[in-house]
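Note sheet for the following structure.
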Amino acid sequence: MYAITGITGQVGGAVARELLAADKAVRAVVRDAAKGASWVGRGCELARAEMNDVAAMTTAFRGAEGVFILMPSNFDPSPGFTETQAIVDDLYEALAAARPGKVVCISTIGAQATEFNLLNQLGMLETSLRRLAMPVTFLRPAWFMENAAWDIAPANADGIVPSYLQPLDKPVPMIATADIGRLAANLLQQDWTGHRVVELEGPARISPNDIAAAMTRILKRDVRMEVVPRDTWESGFRAQGMRHPEPRMRMLDGFNEGWIEFEQPGTVLKGTTTIDTVLNELVARVAKPVS
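In the working numbering, the protein residues as written are 1 to 291.
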């Protein structure tokens with residue numbers, strides 16, 4: 001049996017679907033039992049556990065052949081990443097107590113970067129879980145292609161999409177969540193010893209201009225990217241409600257300046273899903289009428 005956190009999201013859901021398709025038993029670890037009902041309908045066992053509830057997480061992970069860990073995203077963390085550190089500590093305690101057979105943990109490209117940025121939170125998670133006396137794989141995917149979901153509304157509205165990734169012709173490592181889920185499910189079914197890092201990107205690197213070109217094809221209207229000037233980022237993010245925008249800004253700097261990259265470039269695995277496929281799915285989701 002495999003215990004899956006984050007199952008109600010894109011990546012965790014993809015992992016669960018792959019395992020169920022392989023006739024594996026799945027335990028859906030959810031915060032809200034109502035949101036897990038659909039997974040019970042698919043044949044999953046349900047475990048209710050908050051990430052900050054060590055006892056509940058220990059119960060959810062105990063007896064599992066493998067556990068998939070997806071830490072909740074925090075795009076506006078407090079200084080020192082205090083909330084994240086608390087979750088990291090609780091995850092370690094629960095896994096150490098439950099002693100599952102193995103762990104696959106979603107990390108990120110650039111988790112090893114020493115420069116201050118938002119992705120340091122995943123580096124903290126890796127550092128903590130490396131203390132576990134069980135096999136652990138840290139899966140470091142590239143920038144999610146699905147982040148382009150935010151671009152569809154402005155592309156539809158006036159054909160101009162603001163881009164924080166710049167310059168606009170700079171290719172960025174990206175990956176589809178379906179490919180992440182497929183690989184994570186495969187890794188969970190493997191046997192290995194110790195701790196390892198697996199890095200993953202899509203079939204080709206993608207620039208903001210490439211995304212605009214794909215949207216032009218799919219939406220059948222001209223779409224272009226427009227650089228958001230760096231000196232406007234802080235005020236813009238604060239206007240959106242962020243209290244501590246600097247980590248996010250430095251993460252974007254890392255992609256733009258090239259210091260957020262894979263640690264082992266010669267061994268990076270490649271997904272198969274293209275940006276056109278992802279954008280077609282995102283556009284169809286937006287266009288789907290509410291029932």
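Yeah, the Cβ is synthetic: ideal placement off N, Cα and C, and Gly gets one too.
Taking a C-beta distance under 8 angstroms as the contact criterion, L19 and A176 do not qualify as a contact pair.
Assigned with DSSP and collapsed to three states, S107 falls in coil, not helix or strand. With 16 or more other Cβ atoms inside 10 Å of its own Cβ, N120 counts as buried.
Linking R31 to G110 through their CA atoms gives a straight-line distance of about 29 angstroms. For K220, the three-state secondary structure derived from DSSP is coil.
Within the same chain, Cβ atoms closer than 7 angstroms to the Cβ of A212 are found at V161, V223, R224 and M225, the five residues on either side in sequence being excluded. Between the alpha carbons of L279 and R205 lies a distance of about 15 angstroms. When DSSP reads this structure, A3 sits in a beta bridge with R27 and V67.
Restricting attention to beta strand (DSSP E) runs no shorter than 3 residues, the region 211-268 encloses them at 224-227, ordered along the chain. Here the alpha carbons of N74 and G80 stand approximately 13 angstroms from one another.
A distance below 8 angstroms between beta-carbons, with the five flanking residues on each side excluded, links A33 to the following residues of its chain, in chain order: L46 and R48.
Within the DSSP bridge table, the entry for R196 names T137 as partners. Below 8 angstroms, too few C-beta pairs join the region 241-256 and the region 84-93 to call them touching: fewer than three. In the structure shown, M145 adopts helical secondary structure according to DSSP, grouped into three states. When only Cα atoms are considered, N209 and A56 end up about 46 angstroms apart.
Around A153, the same chain offers no residue with a beta carbon nearer than 7 angstroms, after the five sequence neighbours per side are excluded.
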